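Residue numbers (my numbering): 838 to 912.
Glycine included, every Cβ here is placed at the ideal spot set by N, Cα and C.
As the structure is a prediction and not an experimental result, all values here were calculated from the model.
The structure appears right after this line, and notes come after that.
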Amino acid sequence: MRHVLIASSFALWMVYIRQRSTRKIRRCQACDEYSDDRVCSGFARQLVLLREYEEEATEYILGTGYVMKIQSSRE
Numbered sequence: 838m839r840h841v842l843i844a845s846s847f848a849l850w851m852v853y854i855r856q857r858s859t860r861k862i863r864r865c866q867a868c869d870e871y872s873d874d875r876v877c878s879g880f881a882r883q884l885v886l887l888r889e890y891e892e893e894a895t896e897y898i899l900g901t902g903y904v905m906k907i908q909s910s911r912e
């Protein structure tokens, strides 16, 4: 019984995610700014916040002197 509940919950969640993404795409395509070659006004604030986060994260990483070790895929 428990497995059925988990499986059906997962299936409903997947249907919801697909419908949600379809609605988002349709909403954007209906917008007057959709064909513009710039970030639309609906995402402008989100972009500003993303850039602020990137700047703060970069300053923090450079300030700590941390260098990420990159492994070669050839090893």
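Cβ-based neighbour list, R875, same chain, cut-off 8 angstroms, excluding 5 preceding and 5 following: On the sequence shown, position 38 is the one that residue 875 refers to. Nothing meets the Cβ criterion.
Coarse secondary structure for V841, derived from DSSP in three states: Locating residue 841 in the sequence shown gives position 4, counting from the first residue. Three-state result, V841: helix.
Secondary structure of R875, DSSP reduced to three states: For this step, residue 875 is matched to residue 38 along the sequence shown. R875 sits in coil when the DSSP states are folded into three classes, being neither helix nor strand.
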